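J.: Residue numbers (my numbering): 2 to 254. Before anything else, here's the structure in question.
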């Protein structure tokens, strides 16, 4: 990957900065596919950013590049001021585990572990050294997401919505500064989706965590503090919301 020296770039409160990032997928039998095309972007601490776009617009690849799960073909990525894209794998994994929590489209819970054990799982890969209060924190997070009574249950005993609540709690266990969420409600029914989106908004406000959430259905997403629209690998719109709109609670009562 071509080196891009981006030290010193990014605003003072930018937790994630992308500078001229492109990502191509190449196959000898096919023309290259450009998933991200020369994207420059700052994610500022405390934002709730909603990234929307049709399937194939590049939004999930953008999220993966932000997370260091996919290396950019060109350009660079800063995470908390450090050149994330040029770090050795071990250093990148350590920083990612400490700074970022993930909520994916599919829960990916360990079926042989209880809910409480699943929530504690990311701690096994971290370096925070807070083993003494890990179970206490995990139980507090279970209460935060509204399923404290399920700590001894197994994933197969949970509904889809409950599983996603566990995933959100798991994402928070290492006290990350950023949550990256990829289509976190796409497999839920309308009312459960509304409950999850309200929970994301509550976590954003109460935990003061930065959230970047990807969706292909903008109308179904919470009104964050900022909305980014993608098409053909490029950012085509980027706007801040002066007054984020609360969710319709019609099916939550």
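Virtual Cβ for every residue (Gly too), placed ideally from N, Cα, C. Bear in mind that the values here come from a model prediction, so they are computed numbers and not experimental data.
If I measure Cβ to Cβ from residue 106 and keep anything under 6 Å in the same chain, skipping five residues before and after, which residues do I get?
T.: Closer than 6 Å at the Cβ level, and outside the excluded window around residue 106, lie 183, 184, 187.
J.: Starting from residue 263, trace the alpha helix (DSSP H) both ways and give me its first and last residue.
T.: No answer is possible for residue 263: it lies beyond the span of the chain, which begins at 2 and ends at 254.
J.: By how many angstroms is the C-alpha of residue 166 removed from the C-alpha of residue 48?
T.: Distance between the alpha carbons of residue 48 and residue 166 is about 21 Å.
J.: Taking three-plus beta-carbon pairs below 8 Å as touching, is the region 198–207 in contact with the region 105–124?
T.: The answer is no - the region 105–124 does not touch the region 198–207, with fewer than three Cβ pairs under 8 Å.
J.: How long is the line joining the alpha carbons of residue 172 and residue 181, rounded to whole angstroms?
T.: So the alpha carbons of these two residues sit roughly 9 Å apart.
J.: Rounded to whole angstroms, what's the CA-CA distance from residue 87 to residue 104? Just pull it up for me.
T.: Residue 87 and residue 104: Cα-Cα distance of roughly 25 Å.
J.: What residues match up with residue 95 in a beta bridge as DSSP calls it?
T.: DSSP lists no partner for residue 95.
J.: Give me the DSSP bridge partner(s) of residue 77.
T.: Paired residues: 20.
J.: Just the C-alpha distance for residue 84 and residue 110, rounded to the nearest angstrom, thanks.
T.: Answer to the nearest angstrom: the Cα atoms are 31 Å apart.
J.: How long is the line joining the alpha carbons of residue 32 and residue 25, rounded to whole angstroms?
T.: Each residue's Cα considered, the two are about 10 Å apart.
J.: If you count every other CB in all the chains shown that lies within 10 Å of the CB of residue 209, and 16 or more means buried, which is it?
T.: The residue in question, residue 209, is exposed, as its Cβ has fewer than 16 Cβ neighbours within 10 Å.
J.: Tell me, to the nearest whole angstrom, how far the beta carbon of residue 62 is from that of residue 36; I am working on the premise that it is less than 8 Å.
T.: Sure, about 4 Å apart at Cβ, within 8 Å.
J.: Cutting at 8 Å between CB atoms, please list the residues of its own chain near residue 55, excluding the five before and the five after it.
T.: Excluding residues within five positions, the ones whose Cβ falls inside 8 Å are 217, 232.
J.: Alpha carbon to alpha carbon, how far is residue 89 from residue 148? Give it in angstroms, no decimals.
T.: Distance between the alpha carbons of residue 148 and residue 89 is about 38 Å.
J.: Taking C-beta to C-beta, are residue 39 and residue 17 nearer than 9 Å?
T.: Contact flag unset, no.
J.: Do residue 212 and residue 195 count as a contact pair if the criterion is CB distance below 9 Å?
T.: Result no, Cβ atoms of residue 195 and residue 212 do not sit closer than 9 Å.
J.: Under 8 Å by Cβ, that's how I've got residue 174 and residue 138 pegged, so tell me the actual separation to the nearest angstrom.
T.: Yes, residue 174 and residue 138 are in contact; Cβ-Cβ is about 6 Å, under 8 Å.
J.: Which of the three DSSP states, helix, strand or coil, is assigned to residue 230?
T.: In the structure shown, residue 230 sits in a strand (DSSP, three-state: E or B).
J.: Which partner residues does residue 255 have in the DSSP bridge list?
T.: Residue 255 is absent from the model: the chain starts at 2 and stops at 254.
J.: Go ahead and pull the three-state DSSP assignment for residue 209.
T.: Residue state, collapsed to three classes: coil.
J.: Note the first and the last residue of the continuous alpha helix (DSSP H) segment covering residue 165.
T.: Where residue 165 is concerned, the enclosing alpha helix (DSSP H) stretches over 161–173.
J.: Buried or exposed for residue 214, please, with buried defined as at least 16 other CB atoms from any protein chain shown within 10 angstroms of its CB.
T.: That one is buried.
J.: Using a Cβ-Cβ cut-off of 9 Å, state whether residue 119 counts as contacting chain B.
T.: In summary, chain B is missing from the structure at hand, where a single protein chain is found.
J.: If you count every other CB in all the chains shown that lies within 10 Å of the CB of residue 41, and 16 or more means buried, which is it?
T.: Its Cβ having fewer than 16 others within 10 Å, residue 41 is exposed.
J.: In terms of DSSP beta bridges, what is residue 25 paired with?
T.: According to DSSP, which records beta bridges pairwise, residue 25 is partnered with 35.
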